[in-house]
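K.L.:
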Amino acid sequence: MARFTLPRDIYHGKGALESLKTLKGKKAIICVGGGSMKRFGFLDRAKQYLEEAGMEVALFEGIESDPSVETVMKGAQVMQEFGPDWIVAIGGGSPIDAAKAMWIKYEYPDCTFEDMCKVFGLPELRKKAHFCAVSSTSGTATEVTAFSIITDYEKGTKYPIADFEITPDVAIVDPELAETMPPKLVAHTGMDAITHAIEAYVSTANCEYTDALAIHAIEMIQGTLVKSFNGDMAARHSMHDAQCLAGMAFSNALLGIVHSMAHKTGAVFADLGAHIIHGAANAMYLPKVIAFNAKDETAKKRYGVIADYMHLGGANDDEKVKLLIAELRKMNDDLKIPQCISKYGKDSLPADQGFVPEDVFLERLPGIAERAIGDACTGSNPRQPSQEEMEKLLKCCYYDTEVDF
Ligand SMILES: NC(=O)c1ccc[n+]([C@@H]2O[C@H](COP(=O)([O-])OP(=O)(O)OC[C@H]3O[C@@H](n4cnc5c(N)ncnc54)[C@H](O)[C@@H]3O)[C@@H](O)[C@H]2O)c1
Ligand SMILES: [Zn+2]
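For the sequence shown, numbering that gives the first Met the number 0 begins at 0 and goes up steadily by one.
1. Is it buried or exposed, Thr297, if we count other Cβ atoms within 10 angstroms and call 16 or more buried?
2. Thinking just about the alpha-carbon of each residue, which of Val133, Ala45, Val68 is nearest to the one in Tyr10?
3. Can you check DSSP and say which residues form a bridge with Ser67?
4. Using 8 angstroms as the Cβ pair cut-off and three pairs as the minimum, do the stretch 260-278 and the stretch 218-227 touch?
5. Output the boundary residues of the beta strand (DSSP E) element that contains Glu55.
6. Which word fits His258, buried or exposed, when buried means at least 16 other C-beta atoms lie within 10 angstroms of its C-beta?
7. Runs of 4 residues minimum, wholly inside the stretch 177-238: which ones carry the alpha helix (DSSP H) assignment?
8. Pairing CB atoms from the stretch 141-157 with CB atoms from the stretch 242-254, are three or more of them under 8 angstroms?
9. Tell me whether Asn251, by its Cβ, gets closer than 7 angstroms to a heavy atom of ligand 2.
10. Nearest-angstrom Cα distance between Thr111 and Tyr158?
11. Please state if the CB of Ala241 and the CB of Met219 are separated by a distance shorter than 8 angstroms.
12. DSSP three-state label for Ser341, please.
13. What's the C-alpha gap between Val71 and Glu63?
14. Could you check what DSSP says for Gly90 in three-state terms: helix, strand or coil?
15. Take the Cβ of Tyr152 as the centre, count every other Cβ of all protein chains shown within 10 Å, and call the residue buried at 16 or more, exposed below.
16. When the Cα of Lys183 is compared with those of Leu348, Asp65, Cys131, which residue comes out closest?
17. Could you check where the alpha helix (DSSP H) with Phe360 kicks off and where it finishes?
So this is what it looks like as structure tokens:
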């Protein structure tokens, strides 16, 4: 038996934000990030729609990118004091993920961060509040997923919280919010979305329900991401839907080791002055992981199907895998994303000398590899890497060398 869980309602298309007016309750708290939603007027509009629905509205502002455990605890405290029956999170993956974790702590004040991280081990939510997510980036699809990613900065690592309990009740996918994204954000979040779809399609937990969503998302992203990056707003709108379809797939089919590696490398070099942004990490690691996973016959066939849907040609699965890798690397080039960590500049653009020095990378490699193997996303990867293989794979991601093992 398998379970397939999505939000009860998904409002999509231009103007979908207005559906906030249909929420029924007394008090709503809006959780947002650093200012983009306020700057572009979406926060005011959301507040106004909720007030029109007859609710008293409070704001929790300033949720940082890659949100911390501390922010989660602070937000939960504000929720305790205000007592909302709706939590409305607006923005990119960061504020929505943070709000999901705040929701758990609000419902269960004694729940520690460690308790939250027990995979599919959360107690029943919705005793105090329901959750509505409005996405403003086209990538994480956290508005429809059972995941929240929180960073423990003391340990320098990201922890996924995973449970269908935190799948939102209502998702709003309004492409107008995505129009204001700068190109770099389009690039990163878009490559995150195609990674979700590809990892879900080859995941050992895939099924017919998730396959349909994943493969269609891949086709849509291939056709629209680079155009969206170059300012085509019709393509930008399609991407907003495509990333959501990819999210519906991976929330139910789970992911793989591209994400395990991205989670464990994202913040581990933060002391050197930069993050490896989630989407960019995925974009760099995905071609390497495809080469690694393709040693598994079932995965290889599935990558072949993906290549067919992308109309890449190829006479057999080996050729198709190579063409798929080449296509993804070309997308990285078109989107100005580096191909490997050694060329990843502080500003996330390709640089001759990346911000992670070789000696630091090699020194931290065994720990990163160990934590990546232990990540919640590793279990559903088609091939289970040993410590030695994970270290080799990460080295290929650092130097951009070929994966031949
Ligand atoms: N929950 C999941 O299923 C899931 C999946 C993948 C990634 N994640 C996590 O999500 C986080 C990344 O989220 P993200 O990529 O959406 O970025 P983000 O939420 O961190 O936002 C990045 C920046 O973009 C700005 N921004 C957001 N929307 C904008 C818009 N429409 N116009 C202009 N600026 C805008 C924000 O203010 C912020 O400065 C990471 O922590 C990652 O680990 C979660
Ligand atoms: Zn992701």
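Beta carbons: idealized from backbone N, C-alpha and C, even for Gly.
P.N.:
Checking against the coordinates, here is how it stands:
1. Thr297 is exposed by the Cβ-count criterion.
2. For Tyr10, the closest of Val133, Ala45, Val68 by C-alpha to C-alpha distance is Val133.
3. Beta-bridge partners of Ser67 (DSSP): Thr150.
4. The answer is no - the stretch 218-227 does not touch the stretch 260-278, with fewer than three Cβ pairs under 8 angstroms.
5. That run of the beta strand (DSSP E) goes 55-59.
6. With 16 or more other Cβ atoms from the protein chains shown falling within 10 Å of its own Cβ, His258 counts as buried.
7. The qualifying runs are 182-201, 207-228.
8. These segments touch.
9. Asn251 Cβ: outside cutoff for every heavy atom of ligand 2.
10. Thr111 and Tyr158 have their C-alpha atoms roughly 13 angstroms apart.
11. Yes, the Cβ-Cβ distance between Met219 and Ala241 is below 8 angstroms.
12. Collapsing the DSSP output to three states places Ser341 in a helix.
13. Computed Cα separation, rounded: 11 angstroms.
14. The answer is strand: DSSP assigns Gly90 an E or B state.
15. Exposed is the call here.
16. Checking every option, the nearest Cα to that of Lys183 belongs to Leu348.
17. Note, Phe360: alpha helix (DSSP H), 357-372.
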